[in-house]
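Beneath this line is the structure, given in structure tokens, with notes to follow.
Numbering (my numbering), first residue to last: 38 to 379.
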């Protein structure tokens, strides 16, 4: 009798396929369910995402020896879509770029503020009030900033990530005026606040911003310090969602692990919606925390000429500007700050 070999192995083939599908399908559902259940156990007000975001834009700025400046999108367990590391105006032509105080990416390796200002044109002054005073802001941000005065865009960072740079913004306005800034600690691994650093593929980055504002007489009329207000809107990486806490408008991650690791694909992130009108003078920031201050050593700027070339400016012994951020300079990645200059 002739035996058809295909008929002989067919039942085993069917069993193999059924078994394989049965193994794969529940595994995916289990992973998804675990994420959703974990997010539901989270008691805070943020939306929760897990894992790496989808890249939408690659290298919005390229710099020799600089890190990648990609932008991505990720969906949280409540169905909202989030731009990471932040939704910015970097590609918006109507939002002016700041002038370089120091920018190695473009060969602007100035040694003093005076040298940098010699390349400044009065055409770069942003006018808020036509009969106002002219003020100059000197800014070092790790990594990116967008600055508003009385709600009007006055300058954004040219270098979103690295090499580290510093900037000048000039504007004309009446006193008092309100400064509002969006600060972004950029990331290589989109959606989890990580970069490759210090021998770890998934190392949590850190932020920090310092600014000095002078009038036309070169008198310092404002510096960054604890009198500013600050709030986080994107915190990552989070390994255990139970490490976070909130107290009214205060958002804390000080008890969270900041070690990073070799695999960040399961790390969580917390996202809060940025409120409308946050950059305007009449915005109520009373429930935001006071800005936390950090030393030069903590931020790690002592080997960066974009800062050290201008220590007489930023570290004036009479009016020493301090680095500011929220309470967690490592995990808080998108931060808004505000201050009114009387």
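Every residue, glycine too, gets a C-beta built ideally from N, C-alpha and C. Computed from a predicted model, the values in this text were never measured in an experiment.
From the options, residue whose alpha carbon lies closest to that of residue i
i: residue 363; options: 329, 378, 335; result: 329
i: residue 344; options: 276, 160, 299, 147; result: 147
i: residue 426; options: 119, 259, 311, 191; result: For residue 426 there is no data in the structure shown, the boundaries of the chain being 38 and 379.
i: residue 267; options: 346, 85, 370, 187; result: 370
i: residue 124; options: 110, 114, 158; result: 110
i: residue 251; options: 277, 272, 210, 230; result: 210
i: residue 175; options: 339, 130, 353; result: 353
i: residue 137; options: 120, 89, 178; result: 178
i: residue 376; options: 188, 296, 336, 75; result: 188
i: residue 295; options: 366, 316, 119, 315; result: 366
i: residue 106; options: 199, 336, 319; result: 199
i: residue 140; options: 265, 195, 245, 128; result: 195
i: residue 262; options: 132, 356, 225; result: 356
i: residue 246; options: 224, 360, 114, 257; result: 360
i: residue 165; options: 201, 128, 144, 216; result: 216
i: residue 331; options: 134, 319, 358, 104; result: 358
i: residue 260; options: 172, 128, 80, 97; result: 172
i: residue 128; options: 183, 88, 368, 83; result: 183
i: residue 317; options: 99, 373, 114, 181; result: 373
i: residue 201; options: 351, 338, 349; result: 338
i: residue 322; options: 300, 349, 302, 265; result: 265
i: residue 82; options: 108, 293, 115; result: 115
i: residue 297; options: 326, 269, 275, 325; result: 275
i: residue 255; options: 243, 85, 108, 151; result: 151
i: residue 314; options: 219, 86, 142; result: 219
i: residue 117; options: 100, 333, 97, 85; result: 85
Cβ of residue i within 7 Å of any chain B Cβ
i: residue 141; result: Chain labels in this structure do not include chain B; a single protein chain is all it has.
Bridge-paired residues (DSSP) for residue i
i: residue 215; result: 377
i: residue 85; result: 307
i: residue 119; result: 111
i: residue 94; result: 108
i: residue 134; result: 193
i: residue 232; result: 240
i: residue 14; result: Missing from the structure shown is residue 14; the chain here goes from 38 to 379 and no further.
i: residue 371; result: 221, 271
Residue range of the unbroken beta strand (DSSP E) whose run includes residue i
i: residue 241; result: 237-241
i: residue 270; result: 266-275
i: residue 260; result: 257-260
i: residue 250; result: 246-251
i: residue 284; result: 282-284
Across the segment 228-235 and the segment 200-219, are there enough close Cβ pairs to call them in contact, namely three or more that are closer than 8 Å? no
Would the segment 271-290 count as touching the segment 298-307 if we require 3 or more Cβ pairs under 8 Å? yes
Completely contained beta strand (DSSP E) runs for the segment 288-367, where each covers 3 or more residues: 305-308, 329-331, 360-362
Return the chain-ordered ranges of every beta strand (DSSP E) run that is complete within the segment 148-230 and spans a minimum of 3 residues. 170-178, 181-186, 189-193, 203-210, 214-221
Taking contact to mean 3 or more Cβ pairs, one atom from each stretch, closer than 8 Å, check whether the segment 78-93 and the segment 142-157 are in contact. no
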